[in-house]
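Residue numbers (the numbering used here), protein chains in the order written: chain H, 1 to 213; chain C, 214 to 835. Where a beta carbon is used, it is the ideal one built from N, C-alpha and C, also for glycine. All values reported here derive from a predicted model rather than from experimental measurement. Report on the structure given below.
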C-alpha cells in the first residue's frame, strides 16, 4: 500500500480514489477486504543476548532477578554474579536467548526492580567475554602424557594431578571452553564446572561510572 | 560437610553417661539467641516500661504518612504492635474478620482516595491470607503497604510456629518487599515503602517485621523525603515525557482522520481527567475507556464513547477496529481489551503513553511510545495539538453516533423486565445508578455483576468505580467497599456483588456492623456462578458443571449480623428496595433475585478478536 501525504497509508478509507468522491470513512477499501494482520511485538530472529546489570548488593537481590526471569518466561542460559569495585553494588552477567524485542522487555522488567541500578544489553557491543571451567578428566598411565600435552596446546592449566584423573583449568571465550571440553570428552569427563561468561565492554566506557548515584 | 540424598546418616556413636544437650550448637551465641527467642514466643510478658520501641516506629510512620485508618487482624508475633496501638488514638484501626478482607479494604480505600492503603496481619496464615489482596493490588497498580509480623529473627528459617517464608511469597507479587530484623531500620524502610507504593506506577509494597524488631528499643529518626529518594538510587520513575516523542504524537494526531483515545487506569492514578477531556475536546477525539478507566471521563460527555473490550459496547469495539489512530493513555492492552492481537485495530497506528516503560511494546507493537506520567504528558501535549473544528470531524462523529444508537438499541440494555417478567440485572444496575444520582462509589465483585455494573451504572466522576480488573478476585466487593466507604465517607458506597463472590467474604458484614461502616450491598442473586454458566452455555456446549450455586436465605443471614435486608423479585420491587436501603443509617443489604440465565452481551469469546462479538445467543439448537 502506498502512503500519501494526507493519510498515513493505513486509514480504512485508503488513499482517496478521486478528488470529488470521498468514500464513507468506515468502508473498508476494496483492496483490503481482509484487513492486514497486526504485527505482534518481537518475532525477530532469536539469538543469544548478554545483559550486564549493576545491582545493589542487598540480601535477596539474586532471588529477585531469577524470580522475575522465571515469572516472565525468560530462560537464562547463564548467570554470573560478583562484587564490583563499589562496596555496595554487585554485577550480574546474564546470558539468555530471545529476539531483540523479548530481550528488551527482559531488560525493562529488570529495571522495574528497585535494587537494579543499570541494565545494558552488550550483545552488539565490542566486548571481552571470558569464562573459566574446571574439568576433571579421567587419566590413565597410558594416556596421561597425551592429555597433558593437549592441555598445554590448549592454553589450559593443570591444577590437580591424581592417580586416575587430572583437573584442568581452562579460561577463554565460551567457544574455546566448549572446544576444549569436546576435545577431552574422548578421555572421559568425571566432573565439569563452568562459571558462565563474564563480559566487559572494550574501550574506556564504564557501566559502573554510568550508574548515576 | 558433604550431604548426600538417599543415604541415612550414620547412627550416633554411643555417648557417655552424661546428659547431652538437645540444643544444636549449644554454648554458642547463636544457640543462646535461638533459645531466648523460643522462650519469648512462649512467654509474652508485657513490657511495662514505655521507651520507644519498633512498634512505636510503625505507628509514627503511619501518622507521618497521613494514614488515618488501617485494616488489620492480630496474631502472636504482631501483638507488640497491638500493645502500643492504644497510645495512638489518631490511628483508626479496623478489626477485620479475615486478613483478605483487610487487604481488599486497604485497596478500596486507596482507589477512592488515591492515597496509600494500609493493611496488616500476623505471620504465617495471617500473612498468606493477605496474599490474594496484595496480588489484586499489584495487577491493578493500587498503592498499598502491607505490614506483617514475623517470628523472632533468631527463629527465622527454623519452621517456628506460624512461620512461613512470606517474603519469598510476596516477592514476585509486590513492587518491592522488605524483611526488617532491626528496629533501627524501620523508619527508613517504612518511609521507602510508602514512597515506592505511591510513586511512579503505584503498587503494593510488603514490609515483614520480626517480633523482636517490633519490641526492640530504638531512637532511629524518621528520614526526610530527600533522604528517602537518595537512598533509592534504583528507583527513579520517568515522569516527564520526551519532547521529541510528544512532537511525533502531535503529528500523528494532526494527520489522523479516525482517532480514538483509549483511557485507562493510569489517567485516574495521575489525576489527569481534566487534561484528558481538554485534549479530547481540542482535537475532537472520542474517548473509549477500559474497565479500570471508568470515570476518566463523564459518560454523559459528548466525546465519551464508552467501555471497550470483551464485554464492552459493540460500537466502541467497532470504532477501535476502524480507527486509524489509537491514542492509548495509561492502559496496557490487556487481553480482555484486545482479544486476538493479530486482528486488533488493523488500520490503526498507536501512540502509547504509560509511566512504566515495560508496558510499552509488551502486548502490542506501537508506533510512538511515550514514557511519562499521564497528567504531565497530556498537559505538555495539549499546546502542541491543533484545535480541530468539530465540522471537520462531522462525518466521522456522526457515523460513530449511528453505531452507538445501533448497538445500544440492539442490546438488552433498557429492556427492563427480562424474559417472562423476571428481574433483569441491567435494569437493577441502571436503577441503582439513577437513584444514587450517579454520585455514589460503586464497588464491583467479579463476573457478570462486574460487567453489568461497568456497562449500565452510568459513571460521571473519577474514582467512583472500584473493580478488581486485573486479578479478577471474587469476594472483592464487600471488603473493598468497606475501605472505599471509609475513604470517601461524603458519598454513598454501594457494593455490587453476585451470590458467588458474596459467599466468599461475607464475614466482613460483621466488620461493617461493628465499625458502623454504611455500605449498601446490592446482591445480584441468580443462584448461579453466572459467568461460569454463561461460558458453559456458549463455549462448553451447555455442560453446566458446578455452575449452580445454592445459597442461604440471604435476608436471614443479614439479619443474623443485624443488617436490615430488603428483597426484590420483580421490577416493581426494585426502586422501593433501593430507596429503603438508602434510608438505613448504616449498612443494608438488598437481595435482588434476578433471572437465573441472563447473559452479559456482547461477548468476545477468548482467542477471538474485537470484530467477533457474540451479541445474542439463542442456543446451539435453536
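Inset, instruction - Measure the Cβ-Cβ separation of residue 657(C) and residue 724(C) and say whether it is below 9 Å. - result: no
Inset, instruction - Leaving out five residues on either side along the sequence, give the residues of the same chain with a beta carbon under 6 Å from the beta carbon of residue 439(C). - result: none
Legend entry - Between the CA atoms of residue 674(C) and residue 32(H) - distance to the nearest angstrom: Residue placement at residue 32(H) is flagged as unreliable, the pLDDT there being 49, under the threshold of 50; the coordinate-derived value follows with that caveat. The straight-line gap from Cα to Cα measures roughly 41 Å.
Legend entry - Span of the beta strand (DSSP E), counted from its first residue to its last, around residue 825(C): No beta strand (DSSP E) contains residue 825(C), which DSSP labels as neither H nor E.
Legend entry - Spatial neighbours of residue 265(C) in its chain, beta-carbon cut-off 8 Å, leaving aside the 5 residues before and after: 430, 431, 432
Inset, instruction - Report yes or no: is there a C-beta of chain C within less than 9 Å of the C-beta of residue 114(H)? - result: yes
Inset, instruction - For residue 143(H), decide whether its Cβ has a neighbour in chain C, counting only Cβ atoms nearer than 9 Å. - result: no
Legend entry - Residue interval of the beta strand (DSSP E) (run including residue 838(C)): In the structure as shown, chain C begins at 214 and stops at 835. Residue 838(C) is therefore absent and cannot be evaluated.
Legend entry - Interfacial residues, the stretch 583 to 605 of chain C to chain H, with Cβ spacing under 7 Å: none
Inset, instruction - Answer with yes or no whether the minimum CB distance from residue 90(H) to chain C is below 9 Å. - result: no
Inset, instruction - Tell me residue 779(C)'s beta-bridge partners as DSSP assigns them. - result: 803(C)
Inset, instruction - Output the distance between the C-alpha atoms of residue 458(C) and residue 507(C), rounded to the nearest integer angstrom. - result: 27 Å
Inset, instruction - With distances taken Cα to Cα, identify the nearest neighbour of residue 555(C) among 820(C), 780(C), 247(C), 235(C). - result: 820(C)
Legend entry - Per-residue DSSP class, three states only, for residue 816(C): strand
Inset, instruction - Following the continuous beta strand (DSSP E) through residue 723(C), name the residue where it begins and the one where it ends. - result: Per DSSP, residue 723(C) belongs to no beta strand (DSSP E); it is in the alpha helix (DSSP H), 722 to 727.
Legend entry - For residue 718(C), the first and last residue of its enclosing beta strand (DSSP E): Element bounds for residue 718(C): not the beta strand (DSSP E) but the alpha helix (DSSP H), 712 to 718.
Legend entry - N- and C-terminal bounds of the alpha helix (DSSP H) containing residue 347(C): 338 to 352
Inset, instruction - If I'm right that residue 421(C) touches residue 342(C) with Cβ under 8 Å, what's the distance once you round it to whole angstroms? - result: Actually they do not touch by this definition, with Cβ atoms about 14 Å apart.
Inset, instruction - May I have the straight-line CA-CA distance separating residue 178(C) from residue 731(C), to the nearest angstrom? - result: Any answer about residue 178(C) is impossible in this case: the structure gives chain C only from 214 up to 835.
Inset, instruction - Give the straight-line distance between the Cα atoms of residue 483(C) and residue 299(C), rounded to the nearest whole angstrom. - result: 36 Å
Inset, instruction - Could you tell me which uninterrupted alpha helix (DSSP H) segments, each at least 4 residues in length, are contained entirely in the stretch 535 to 616 of chain C, listed from first to last along the chain? - result: 548 to 551, 587 to 594
Inset, instruction - Spell out the partners DSSP gives residue 48(H) in its beta bridges. - result: 97(H)
Inset, instruction - In angstroms with no decimal places, state the Cα-to-Cα distance between residue 405(C) and residue 441(C). - result: 6 Å
Inset, instruction - State the DSSP-derived secondary structure class of residue 448(C), mapped to helix, strand or coil. - result: coil
Inset, instruction - Leaving aside the five residues before and after residue 793(C) along the sequence, list all residues of the same chain whose C-beta is less than 6 Å from its C-beta, in chain order. - result: 779
Inset, instruction - For residue 131(H), name the three-state secondary structure that DSSP assigns. - result: strand
Legend entry - Members of the stretch 31 to 54 of chain H near chain C, C-beta cut-off 7 Å: 35, 36, 37, 38, 39, 40, 41
Legend entry - Three-state class that DSSP yields for residue 87(H) in the structure shown: coil
Inset, instruction - Measure the beta-carbon distance from residue 744(C) to residue 523(C) and round it to whole angstroms, keeping in mind my assumption that it falls under 8 Å. - result: The Cβ separation is near 11 Å, so there is no contact.
Inset, instruction - Write down every uninterrupted run of the beta strand (DSSP E) in the stretch 641 to 674 of chain C whose length is 3 residues or greater and which is fully enclosed by it, in chain order. - result: 654 to 657
Inset, instruction - Please determine, among 790(C), 291(C), 531(C), the residue with the shortest C-alpha to C-alpha distance to residue 428(C). - result: 291(C)
Legend entry - Per-residue contacts from residue 317(C) into chain H (C-beta, under 9 Å): Simply none; closest approach about 23 Å.
Inset, instruction - To the nearest angstrom, report how far apart residue 525(C) and residue 642(C) are at their CA atoms. - result: 16 Å
Inset, instruction - Answer yes or no: does any C-beta atom of chain C fall closer than 9 Å to that of residue 209(H)? - result: no
Legend entry - Residue environment, residue 668(C), which counts as buried when at least 16 other CB atoms sit within 10 Å: buried
Inset, instruction - Taking only the alpha-carbon atoms, compute the straight-line gap between residue 563(C) and residue 329(C) and give it to the nearest angstrom. - result: 32 Å
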